[in-house]
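Below is one structure; the comments refer to it alone.
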Amino acid sequence: MSVRRPDQEFWNGRRVLLTGHTGFKGSWLALWLSQLGADVYAFALPPADGPNLFSLADVASHCDSHFVDLRDASSVADAVREARPEIVLHLAAQALVRRSLEDPIETFDTNVTGLVNLMEALRGETDLHTVLIVTSDKVYWNNGCGCAFKESAPLGGKDPYSASKAAAEHVAHTYAQSYFERDGIRVATSRGGNVIGGGDFAADRIAPDCVRAALEGEPLTLRHPEATRPWQHALDCLCGYLLFVETLSQDPSCPRTLNIGPRSSEDLPVRIFAETLLSALGHVTANGCPKVLVEPVPGSIEAPYLQIDASLARSTLGWDDEMVGRIAIASVASWFRQWLDGADMSSVTLSEINAYQTAAP
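Per our numbering, the sequence shown starts with residue 2, numbered consecutively.
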């Protein structure tokens with residue numbers, strides 16, 4: 002099966018509700034949907050302070066942008082009524098593990114109750130036909146065995162973020178079976194890998210931590226250097242989401258849950274990932290070695306291995322990942338080098354999207 006790209010004819014003129022458009026992945030997706038001709042109504046919390054992709058790429062000019070808190074059921078209902086969506090892509094979340102440990106109430110309130118608020122607001126929307134809820138590769142009960150989890154693996158979560166995303170899977174399934182599927186509205190969840198890309202400035206994520214270390218001229222401190230993760234570029238992951246929606250909309254037999262992640266052969270330990278990115282950013286010592294320190298966290302509950310099996314998405318969607326491992330790292334470094342050089346990051350980001358969209362499979 003040949004590798005697919007999102008179908009502009011499918012998306013052109015579609016009324017799409019996108020949540021989380023002020024975040025890293027959401028900003029990329031808002032721009033891509035706009036390029037595909039979709040009529041995008043988007044809501045999220047305001048972007049984080051400091052540099053952020055939403056502002057740098059002028060995302061607000063490419064969609065009908067609103068600041069709405071998922072935890073406010075009344076505001077969510079008002080936004081949904083105004084959007085009148087045909088398709089929903091739900092990306093809004095509290096997405097940081099360490100922040101979830103510091104504030105579990107905020108995490109569960111946003112990721113679980115916030116999803117309930119959204120699903121309640123969507124009930125009765127007459128034009129709605131497809132809802133895709135993005136969760137995480139961390140929804141699985143991970144005993145550290147190193148096996149690649151299939152969609153049928155048990156759900157779990159040792160930290161509040163992972164558990165909240167596993168709970169979101171249950172919320173999605175409950176609303177699908179109780180309300181939506183009987184009316185022909187298809188509700189699905191997608192579990193993405195560890196996504197990287199230009200414009201990610203979030204705290205406590207490895208790629209932006211590398212960038213900050215380079216900017217500050219300080220060594221990068223790693224907590225779990227040997228941990229292995231399924232790194233993939235945002236464009237590969239978002240392509241999977243878009244193709245999932247297209248297939249769901251057209252094929253009632255499409256699975257309702259899919260992993261979207263790289264092949265296990267492309268997974269890298271955190272140390273190798275960080276050293277490769279730091280070297281690409283030119284942040285090395287006098288003898289050419291990346292500036293890295295290791296400070297282990299005693300009693301950490303973070304899993305040493307995380308792999309997901311995305312073979313079902315490959316066979317179902319005709320999707321495949323093309324920017325993984327060191328290719329993805331090089332792309333990240335290129336984006337940030339252009340940002341440091343003062344380039345127009347809206348043009349840079351749109352150019353990357355267009356190059357990916359039009360690349361020959």
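All C-beta atoms in this analysis are idealised placements derived from N, C-alpha and C, irrespective of residue type, glycine included.
Nearest neighbour of A117, chosen from P161, E170, A96, E87 [CA to CA]: Counting from 1 along the sequence shown, the entry for residue 117 is found at position 116. For clarity, residue 117 is Val in the given sequence; the question names Ala instead. Selected option, being the one with the closest Cα: E170.
Please check the pair R15 and A39, which I expect to be a contact at CB under 8 Å, by giving their CB distance rounded to whole angstroms. Walking along the sequence shown from the start, residue 15 turns up at place 14. Walking along the sequence shown from the start, residue 39 turns up at place 38. So it is a contact: roughly 5 Å between Cβ atoms.
Rounded to the nearest angstrom, what separates D312 and F150 at their Cα positions? Counting from 1 along the sequence shown, the entry for residue 312 is found at position 311. Counting from 1 along the sequence shown, the entry for residue 150 is found at position 149. The sequence given here has Ser at residue 312, not Asp. Going from the Cα of S312 to the Cα of F150 covers about 11 Å.
Identify the residues that DSSP records as bridge partners of W232: which are they? On the sequence shown, residue 232 is found 231 positions in, with the first residue counted as 1. N195.
Would you kindly report the start and end of the unbroken beta strand (DSSP E) that includes S348? Walking along the sequence shown from the start, residue 348 turns up at place 347. That residue, S348, is in no beta strand (DSSP E); its alpha helix (DSSP H) goes 346 to 359.
In or out: N112 buried (at least 16 other Cβ within 10 Å) or exposed? Here residue 112 corresponds to residue number 111 of the sequence shown, with the count starting at 1. With 16 or more other Cβ atoms within 10 Å, it is buried.
Can you find the residues in the same chain that come closer than 6 Å, C-beta to C-beta, to V89, ignoring five residues on each side of it along the sequence? Translated into positions along the sequence shown, residue 89 becomes position 88. L18, V132, listed in sequence order.
Can you check DSSP and say which residues form a bridge with L133? One-based indexing of the sequence shown puts residue 133 at position 132. In DSSP, L133 forms a bridge with L90, A189.
Collapsed DSSP secondary structure at P105 in the structure displayed: What you label residue 105 is simply residue 104 of the sequence shown in a count that begins at 1. Correct three-state label for P105: helix.
Reducing DSSP to helix, strand and coil, say where V295 ends up. Working through the sequence shown from its first residue, we reach residue 295 at position 294. Three-state result, V295: strand.
Cβ pair W232, P263 closer than 9 Å: Here residue 232 is taken as the residue at index 231 of the sequence shown, counted from 1. Here residue 263 is taken as the residue at index 262 of the sequence shown, counted from 1. Yes. Within cutoff.
Please say whether R72 and G115 have beta carbons closer to each other than 9 Å? Counting from 1 along the sequence shown, the entry for residue 115 is found at position 114. Counting from 1 along the sequence shown, the entry for residue 72 is found at position 71. Contact: yes.
By DSSP's criteria, T222 is part of a beta bridge. Which residues make up the other side? Along the sequence shown, one-based indexing puts residue 222 at 221. Paired residues: L294.
Between the beta-carbon of P256 and the beta-carbon of A167, is there less than 9 Å? Along the sequence shown, read from residue 1 onward, the residue named residue 256 stands at position 255. Along the sequence shown, read from residue 1 onward, the residue named residue 167 stands at position 166. Cβ atoms of P256 and A167: not closer than 9 Å.
Best match in V41, R206, T108, F55 for proximity to V81 [C-alpha to C-alpha]: As a first step, residue 81 must be located in the sequence shown, where it is residue number 80. Considering only alpha carbons, the answer is V41.
Pair every Cβ in the segment 342 to 353 with every Cβ in the segment 210 to 230, then say whether three or more of these pairs are closer than 8 Å. no
Assuming V196 and A235 are in contact, meaning their beta carbons sit under 8 Å apart, how far apart are those beta carbons, in whole angstroms? Sequence index remark: in the sequence shown, residue 196 carries index 195 (1-based). Sequence index remark: in the sequence shown, residue 235 carries index 234 (1-based). So it is a contact: roughly 5 Å between Cβ atoms.
Pair within 9 Å by beta-carbon distance, A122 and A74: Taking the sequence shown and counting its residues from 1, the one referred to as residue 122 is at position 121. Taking the sequence shown and counting its residues from 1, the one referred to as residue 74 is at position 73. Taking 9 Å as the Cβ cut-off, A122 and A74 qualify as a contacting pair.
Less than 9 Å separating the beta-carbons of H91 and L129? Working through the sequence shown from its first residue, we reach residue 91 at position 90. Working through the sequence shown from its first residue, we reach residue 129 at position 128. Result no, Cβ atoms of H91 and L129 do not sit closer than 9 Å.
Out of F11, V140, R183, G185, which has the shortest C-alpha to C-alpha gap to I309? Here residue 309 refers to the residue found at position 308 when the sequence shown is read from its first residue. Closest by alpha carbon: V140.
Between which residues of its own chain and R183 is the CB-CB distance below 7 Å, once the five residues before and five after are set aside? Taking the first residue of the sequence shown as position 1, residue 183 is located at position 182. Once the five neighbours on either side are set aside, R183 has no close Cβ partner at all.
I think L259 touches F245, with their Cβ atoms under 8 Å apart; what is that distance to the nearest whole Å? In the sequence shown, the residue the question calls residue 259 occupies position 258. In the sequence shown, the residue the question calls residue 245 occupies position 244. Right, their Cβ atoms sit about 6 Å apart.
Per DSSP, what kind of secondary structure is F367 in: helix, strand or coil? Outside the displayed span of the chain (2 to 362) sits residue 367, for which this structure offers no information.
Three CB pairs or more closer than 8 Å across the segment 46 to 61 and the segment 237 to 253: no
Using DSSP with H/G/I as helix, E/B as strand and the rest coil, what is H67? Walking along the sequence shown from the start, residue 67 turns up at place 66. Here H67 sits in strand by DSSP.
DSSP three-state call for A334: helix, strand or coil? Position 333 of the sequence shown, counted from the start, is the residue given in the question as residue 334. Helix.
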